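Presented below is the structure to which this report refers.
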Amino acid sequence: GLVKGNKVGLVVDVSGLSDRSRLQGFQKDLLQPLPCSNLHGLFYSAPARWVHEFFFFLRLSEARQWVQQLTPAGSCNLLKALKHVFTMKELNSLVIIMRSCPDQSSEILADYTQQCMLGRKLLVHAVAYDCGSPAAIVSNCPYSLPVVSCHLFPIQLQCLLSYTYESVSTEVANAAIPCFLPKPPEHEGPLIIQTPHFLARTSTDWLKTNGLKAKKLNLYQVLAPNAFSPVEEFVPILQKTVSSTLHEKAMMQFEWHDGTVKNIHVDLPILYKYQKLLAKMVRIYEKRINWLSVASRRIWGSVCERRVVILVDISVTNSMCIIHIQHSLRLLLEEQMSNKDCFNIIAFGSHIEPWQLELVPSHPENLQKAWRWVLRLQCSGSRNFMSALRRAVEIDFKEKDKHISQGLYLLTTGIPDQETHTISAYVAEACRGFDLQLHVCLFSIKEDADSSGIIPARYATSMETAIAFKEIVQAANGRFHWFGEAGIFESDDITAIVSEMEKAKNYSQKCAFLVESLKQRTRHEPASPILEEADATMIVVKEKRRPQKLPSPKPTALSLARMV
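Counting from 1, position 394 in the sequence shown corresponds to residue 394 in full-length UniProt numbering; the numbering is continuous, with no gaps.
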C-alpha cells in the first residue's frame, strides 16, 4: 500500500517464521524501500525473547541489513511493541506488519492506544502478511488507532487487497464471527442446571420487607416521638390567643413530610445510631444491585413468576447476534427456570414457532430439550410480535383465571411490526383482572451491526423503541429491562433500589443538617440577660447565708468578786 509520512516507524511481527523459505520470502518483500527520509525499525515477539533496541536509519542499506538479521521468535506481543513505539514522539507514520493475531485482546490494545494517541496525529498502516486468518487480524486490530489503511497479503493471492475500516470487504465480514459476543466454549453442550435456593422477587416486593419504611428507618418514624406540633389556643383567663414557644437550646424547627413545621427535640445519640443503620442498609442495597447486574439477571432481570412463557425475537435483523440470543436463553434455562412450575418458549419472526403446544413442567429433561431446540433456531422475517403475544395469551395462558403468578418475558432488539397503541390496548385487556404480567428485555445492538443491509418493517431509534416498550409494559403491569453490549442502560428493578438509596442519602443529609444547626445555635447564641441576673442573685444569697466567724475573746483582769 501507499505509506505516507517522512518519519516512519516499522513494527514487524517475527513470530511463526520457523520455515526458512517463508522467512526468506518475508525478508525479500520487506526489503522493498520505503519512500521516507527517516526510518525507525522494531521487531517483536514473546517477552522472553524481546528485542528492545530501536534503530535510526540514515541509509536504506542499514535498514536492509537489519531486515536480513530478523529471526523467528515466540508469539505476537503487539502491546509491548506499541509501548516502545509510542515513546518516539517524532514519528508521523507507523507501519505494523503482522503474521498472526496479537496475544492481547482488541479491548486491551484499544484502551492503551486510545490513551497514548490523545492529542497526537499518527498515521497507522496495518498489514496482515501471509497469515491463515487475515479477517481475525483485521477484527482484532485496535479500533481506536487512526488506521488509514489495512492490507491483507496472502501469498496465494499474489497481490495486495486493500481494505479500510470504513468499508471492509465481504470476504472479511463473512469470515468474522457474527455479533459482538464470540461463541462461548461449550456453547452447544448440555445445560449445567442450577437450582435457586430462594424464591426470586421483584425489587418492589423485596422492598416491602427490606425497605427503609419496612425496617422502621424512615426519618419521620425516628423523629416522631420527639416531634411536637406548634399549639395555638385561646386562654380564657388572659382573654387572648397564646402560641406555644420553642425552647431554642433543645429543639429545632423541622419541616415534616406533609409540609407542616414541627418542633424537634434533637437527640444526638439516637441520630448517630440512626445514621449508622442507614449506612448498613445502603450496603445491602448495593449488594442487591450487584446481584441484579450479573449472570442471567443482567439480560432478563429477575424472573419471579411460577408459570413463564418466553417470547424470543428471531427476525432477520438479528442474524448477526443469534449467538448472543442463544447464549442468553442458555443462561436463563440454567439459572432461573429449574424452580418454576411450567414454561414454554415461542420464537417469532414473520411467523411464530412455539417449542411446545402448551406449557410443560420445568423438569431438567424438558430444559435440555428446550435448549437443543434453541440451537436450531434460524433468523428470518420481520417482528410479528402481536401474533406471538396472542398465541401465548390465548393458548398457553387460556386458563389464566385459575392460576396465579404468571409472566410473559419478551427478548427483542427492536420495534414490533404493529403500532404501539394497538399492542398496549391488547395487553391491558388481556392482563386486567388476572395475575399476568408482560416484561420486556430490550437488547440494543449497534446500528451498523447488520452488514446485510436489511431494512426492518418498522424503523425506530433505540430511544424511540425504549419509549414504546415502556408504554406497553406500563399497560401490562410489568417491568422494563434495557441492556446492551456496554451493560445495563435501564432496569425497573435496579431503579427501585437506587430510589431507596437516594431516599437513605436524603435522610442522612437531613440528620446532619439538624445536628449541625443545633451546634451552630449553641456555639453562637449569647446568654440571656435574665439568666445572668438570676445567677448573680443566687451568688449574693449564698454569700449572705454563709456563717460569719466569731471574734476571739478579749483578755480581762480578775474582778474583786472572783478574787474573794
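Heads up, the beta-carbon is just placed ideally off N, CA and C, and yes, glycines get one too.
In this text the structure is predicted, and so the values were computed from the model without any measurement.
- S293 and E335 have their C-alpha atoms spaced approximately 14 angstroms apart.
- Comparing alpha-carbon positions, the option among Q406, E429, I445 lying closest to V309 turns out to be Q406.
- Rounded to the nearest angstrom, the Cβ distance from S229 to T260 is 7 angstroms, consistent with a contact under 8 angstroms.
- Inclusion of S362 and D341 in the CB contact set at 8 angstroms is warranted, their separation being smaller than that value.
- If you check the CB distance, I108 and D13 do not come in under 8 angstroms.
- Spatial neighbours of G349 in its own chain (CB-CB distance under 6 angstroms, excluding positions within 5 residues in sequence) are listed in chain order as I314, S315, S380, G381.
- Setting aside the 5 residues that flank it on each side, D103 is surrounded in the same chain by S75, C76, N77, each with a C-beta closer than 6 angstroms to its C-beta; the list follows chain order.
- Around the Cβ of N263, a 10 Å sphere holds 16 or more other Cβ atoms; the residue is buried.
- C-alpha of V124 to C-alpha of H481: approximately 40 angstroms in a straight line.
- Ranked by how close their Cα comes to the Cα of N318, the residues R383, A428, V67 have R383 in first place.
- Here F483 is buried: its Cβ has 16 or more other Cβ atoms, across all protein chains shown, within 10 Å.
- A straight-line Cα-Cα distance of about 21 angstroms links V8 and Q115.
- Less than 8 angstroms separates the beta-carbon of T413 from that of F443.
- For K7, the enclosing beta strand (DSSP E) starts and ends at 7-13.
- The criterion of a C-beta distance shorter than 8 angstroms is satisfied by S93 and K4.
- Its chain contains I314, A347 as the residues whose beta carbon lies nearer than 6 angstroms to that of L377, once the 5 sequence neighbours on both sides are disregarded; these appear in chain order.
- Sequence-distant Cβ neighbours of A460 in its own chain, meaning closer than 6 angstroms and more than five residues away, are I415.
- F234 counts as exposed, since fewer than 16 other beta carbons sit within 10 angstroms of its beta carbon.
- If you draw a straight line from the Cα of T420 to the Cα of I467, it comes to about 10 angstroms.
- In the DSSP assignment, Y459 falls outside any beta strand (DSSP E) and carries neither an H nor an E.
- The alpha-carbon separation between Q253 and A388 amounts to approximately 59 angstroms.
- The residues M252, F254, I264, V266, L271, in chain order, have a CB closer than 8 angstroms to that of L514 in the same chain once the five nearest residues on each side in sequence are set aside.
- As computed with DSSP, T241 is found in a beta bridge with F234.
- Around the Cβ of G487, a 10 Å sphere holds fewer than 16 other Cβ atoms; the residue is exposed.
- In this structure, the straight-line span from the alpha carbon of R432 to that of R283 is close to 37 angstroms.
- When secondary structure is reduced to three states using DSSP, T412 falls in the strand class.
- Around the CB of G189, fewer than 16 other CB atoms lie within 10 Å, so the residue is classed as exposed.
- Here the alpha carbons of H197 and L329 stand approximately 21 angstroms from one another.
- DSSP lists V8, L123 as the beta-bridge partner residues of S93.
- Within a 10 Å sphere around the beta-carbon of E500 sit 16 or more other beta-carbons, which makes this residue buried.
- In the three-state reduction of the DSSP assignment, C321 falls in the helix class.
- One thing to note: W300 has its Cβ within 8 angstroms of the Cβ of L332.
- In the DSSP assignment, H363 is bridged to no other residue.
- Annotated three-state conformation of E335 is helix, per DSSP.
- Counting along the chain, the unbroken alpha helix (DSSP H) around K280 starts and ends at 268-292.
- By DSSP's assignment, V261 forms a beta bridge with E255.
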